[in-house]
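As structure tokens, then:
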């Protein structure tokens with residue numbers, strides 16, 4: 001089973017204090033870039049993998065989605081999501097993404113910053129592909145491998161006082177244990193190449209790959225975001241299932 | 001015009017001493033991974049962008065390609081390529097990849113470690129797409145953005161003596177001036193995301209993205225290659241033009 005750090009009360013409290021927890025999608029600086037990749041939501045059947053508080057589920061509903069299924073492993077997150085919801089078109093399911101098998105058919109699968117907890121991404125991507133209608137979209141964000149790679153993550157000052165990010169072990173994939181909001185949080189480091197290879201093998205066509213950086217306006221508002229330009233934190237990918245359901249090859 | 005550092009005699013001499021120059025494809029550790037992505041060569045019309053000494057052109061001919069066009073901006077490289085060749089099916093052209101417009105139709109476009117010199121990659125990729133037959137393949141390597149990104153590239157020892165690679169400016173694309181074999185070599189830094197976006201916009205379907213690392217056998221033979229696992233140098237991409245000549249979209 002995936003580590004369920006979100007049901008650790010200390011972690012949950014710290015997570016609840018993040019801008020993206022307090023302010024929802026508007027508190028997530030990468031959200032405008034993600035939103036630009038989403039199809040028109042009206043009438044769509046939406047699956048949200050790692051829905052957390054359900055901010056995206058509620059946004060999708062307001063944007064006209066026909067039905068939304070939010071999945072999360074954390075009982076505490078889902079309890080909070082349920083508090084904030086109450087729409088019969090929104091269903092929350094507690095499930096582990098290592099074993100989750102979607103039932104039903106979806107037009108859009110979405111996932112925000114959850115996939116770096118999943119060990120068996122090939123299984124999950126194949127399950128998502130199987131649950132999508134032909135032509136269906138899969139849009140997700142994950143932590144960038146530059147962020148997850150180092151054995152000792154953290155900015156280092158060089159001789160001139162300039163901050164650099166000490167990369168090592170970039171091609172050595174697998175678990176990374178960090179102290180992020182709580183001790184011993186386990187994330188799965190994998191390269192962009194591996195992530196895209198797993199996606200292609202699951203039958204997806206790659207539509208967009210973005211290593212997210214802030215706009216000048218975002219940096220003016222939140223100067224700390226400038227560090228993203230030195231070392232990005234977020235990877236954004238859009239893919240789709242071919243309209244005929246299988247990959248067109250030469 | 002792209003900087004033509006290869007016609008600098010000092011650079012040329014230093015380049016000639018590299019294993020990949022002396023030993024050809026077998027001296028390039030990434031070659032087995034690249035070769036695995038190539039289509040069966042028999043009967044193919046092949047375009048090699050940045051052919052250098054022509055090692056790949058000769059390999060392609062020996063592997064059964066019907067015709068090979070090798071393009072390079074360096075007169076000194078092409079003179080050396082001509083020395084080693086003499087096959088009427090192999091044509092060498094001197095051209096700058098910033099402005100090169102292929103004539104004829106090709107089944108495979110190939111490029112090894114040349115694209116990081118090209119400023120206007122969108123123009124070149126569109127030209128390559130236009131010159132490929134429907135279903136044609138485009139397989140290339142480029143320097144990995146982790147290698148090109150830093151303002152001060154070079155391994156740094158941390159407090160425990162472990163080597164790390166100091167990343168900064170990763171999202172700040174554009175020229176990087178380094179001393180590689182000669183002073184003031186200008187390479188174009190761009191992210192994986194940008195490279196793939198330019199490829200998609202040019203009409204290609206992405207088939208494979210690999211951040212190259214050595215096998216255990218390669219590390220046993222050349223221990224210095226182990227550092228690639230900490231910070232890869234090579235990116236390998238395979239794409240193709242859709243069989244019907246245009247991108248299939250939902």
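Protein chains in written order, with the working numbering: chain A, 1 to 250; chain B, 1 to 250. Glycine residues also receive a C-beta, built at the ideal position from the N, C-alpha and C atoms.
inquiry  = Quick check: the Cα distance between residue 132 of chain A and residue 124 of chain A, rounded to an integer number of angstroms?
reply    = One-based indexing of the first chain puts residue 132 of chain A at position 132. One-based indexing of the first chain puts residue 124 of chain A at position 124. It is roughly 12 Å from the alpha-carbon of residue 132 of chain A to the alpha-carbon of residue 124 of chain A.
ask   = With a CB to CB cut of under 7 Å and the five nearest residues on each side skipped, what residues in its chain are close to residue 116 of chain B?
value = Reading the second chain from its first residue, position 116 is the one you call residue 116 of chain B. Here the set comprises 142, 143, 148, 187, 188.
request  = Select from B:207, B:227, B:150 the residue whose C-alpha is nearest the C-alpha of residue 230 of chain A.
outcome  = Position 230 of the first chain, counted from the first residue, corresponds to residue 230 of chain A. Closest by alpha carbon: B:150.
key: Beta-ladder partner(s) of residue 196 of chain B, from DSSP   = The residue you call residue 196 of chain B lines up with position 196 of the second chain. Residue 196 of chain B pairs with nothing; no bridge assigned.
ask   = Under a CB-based cut-off of 8 Å, is residue 183 of chain A close to chain B?
value = The residue given as residue 183 of chain A occupies position 183 in the first chain. Chain B contact via Cβ: absent.
inquiry  = Quick check: what's the CA-CA separation for residue 18 of chain B versus residue 102 of chain B?
reply    = Taking the second chain and counting its residues from 1, the one referred to as residue 18 of chain B is at position 18. Taking the second chain and counting its residues from 1, the one referred to as residue 102 of chain B is at position 102. Note on geometry: alpha-carbon atoms of residue 18 of chain B and residue 102 of chain B lie some 30 Å from one another.
Rounded straight-line distance, which links the Cα of residue 26 of chain B to that of residue 34 of chain B = Counting from one through the second chain, the residue named residue 34 of chain B turns up at place 34. Counting from one through the second chain, the residue named residue 26 of chain B turns up at place 26. Our two residues, residue 34 of chain B and residue 26 of chain B, have alpha carbons roughly 12 Å apart in a direct line.
task = Counting only the same chain and skipping the five closest in sequence on each side, list residues whose C-beta sits under 6 Å from that of residue 91 of chain B.
result = The residue you call residue 91 of chain B lines up with position 91 of the second chain. Once the five neighbours on either side are set aside, the close Cβ partners of residue 91 of chain B are 69.
Burial state of residue 84 of chain A, where buried means 16 or more other Cβ atoms lie within 10 Å = Within the first chain, the letter at position 84 stands for residue 84 of chain A. Label assigned to residue 84 of chain A: exposed.
message = Against residue 130 of chain A, what residues of chain B qualify as contacts under a CB-to-CB distance less than 9 Å, listed in chain order?
response = For the purposes of this step, residue 130 of chain A is taken as residue 130 along the first chain, with counting starting at 1. Within 9 Å Cβ-Cβ: nothing; residue 130 of chain A doesn't reach chain B, min ~17 Å.
query = What do you reckon, are the CB atoms on residue 171 of chain A and residue 213 of chain B nearer than 8 Å?
reply = Against the first chain, residue 171 of chain A aligns to sequence position 171. Against the second chain, residue 213 of chain B aligns to sequence position 213. The answer is yes: Cβ separation under 8 Å.
task = Show which residues of chain A have a CB atom less than 8 Å away from the CB atom of residue 228 of chain B.
result = Residue numbering aside, residue 228 of chain B sits at position 228 when the second chain is read from its first letter. Think of a sphere of 8 Å around the beta carbon of residue 228 of chain B: the chain A residues whose beta carbon falls inside it are 171, in chain order.
key: Beta-carbon spacing of residue 13 of chain A, residue 53 of chain A below 8 Å   = Reading the first chain from its first residue, position 13 is the one you call residue 13 of chain A. Reading the first chain from its first residue, position 53 is the one you call residue 53 of chain A. Not in contact: residue 13 of chain A and residue 53 of chain A (Cβ atoms no closer than 8 Å).
request  = May I have the straight-line CA-CA distance separating residue 99 of chain A from residue 4 of chain A, to the nearest angstrom?
outcome  = Stepping through the first chain from its first residue, residue 99 of chain A is reached at position 99. Stepping through the first chain from its first residue, residue 4 of chain A is reached at position 4. Answer to the nearest angstrom: the Cα atoms are 14 Å apart.
query = Which same chain residues, not among the five before or five after residue 226 of chain A, have their C-beta less than 8 Å away from its C-beta?
reply = Your numbering for residue 226 of chain A matches position 226 in the first chain. The answer, listed in chain order, is 214, 219.
ask   = By the 10 Å Cβ neighbour count, where 16 or more other Cβ atoms means buried, how is residue 261 of chain A classified, buried or exposed?
value = With chain A covering only 1 through 250, there is no way to say anything about residue 261 of chain A.
task = Measuring alpha carbon to alpha carbon, tell me which of B:168, B:197, B:89 ends up nearest residue 269 of chain B.
result = No statement about residue 269 of chain B is possible, as the shown extent of chain B runs from 1 to 250 and does not include it.
query = When DSSP labels each residue in this structure, what does residue 150 of chain B get in the three-state scheme?
reply = For the purposes of this step, residue 150 of chain B is identified with residue 150 of the second chain, where counting begins at 1. Residue state, collapsed to three classes: coil.
inquiry  = By the three-class DSSP mapping on this structure, what secondary structure does residue 204 of chain A have?
reply    = Indexing the first chain from 1 puts residue 204 of chain A at position 204. Three-state DSSP puts residue 204 of chain A in coil, outside helix and strand.
query = Where do the N-terminal and C-terminal ends of the alpha helix (DSSP H) with residue 124 of chain B fall, by residue?
reply = For the purposes of this step, residue 124 of chain B is taken as residue 124 along the second chain, with counting starting at 1. 121-131 is the extent of the alpha helix (DSSP H) around residue 124 of chain B.
query = So is residue 46 of chain A in contact with chain B if we call contact Cβ pairs under 8 Å?
reply = Sequence index remark: in the first chain, residue 46 of chain A carries index 46 (1-based). Judged by the 8 Å Cβ criterion, residue 46 of chain A is not in contact with chain B.
inquiry  = To be precise: take each residue of the stretch 152-179 of chain A, compare its Cβ to all Cβ atoms of chain B, and keep it if any distance is under 8 Å. Which residues remain?
reply    = Residues of the stretch 152-179 of chain A with a C-beta less than 8 Å from any C-beta of chain B: 152, 156, 158, 162, 163, 164, 165, 166, 167, 168, 169, 170, 171, 172, listed in chain order.
key: Residues of its chain near residue 118 of chain A, where Cβ-Cβ distance is below 8 Å and the 5 sequence neighbours each way are ignored   = Residue mapping note: residue 118 of chain A aligns to position 118 of the first chain, counting from 1. Close CB contacts of residue 118 of chain A within its chain, under the 8 Å cut and outside five residues either way in sequence, are with 2, 97, 98, 124, 188 (chain order).
Cβ-based burial, residue 30 of chain A [other Cβ within 10 Å; buried from 16] = Your numbering for residue 30 of chain A matches position 30 in the first chain. By the 10 Å Cβ count, residue 30 of chain A comes out buried.
query = In the stretch 211-223 of chain A, which residues sit with their C-beta less than 8 Å from some C-beta in chain B, listed in chain order?
reply = Within the stretch 211-223 of chain A, the qualifying residues are 211, 213.
request  = Find out if the Cβ-Cβ distance for the pair residue 136 of chain B, residue 108 of chain B is shorter than 8 Å.
outcome  = Start at 1 with the first residue of the second chain, and residue 136 of chain B comes out as number 136. Start at 1 with the first residue of the second chain, and residue 108 of chain B comes out as number 108. For residue 136 of chain B and residue 108 of chain B, yes; Cβs fall inside 8 Å.
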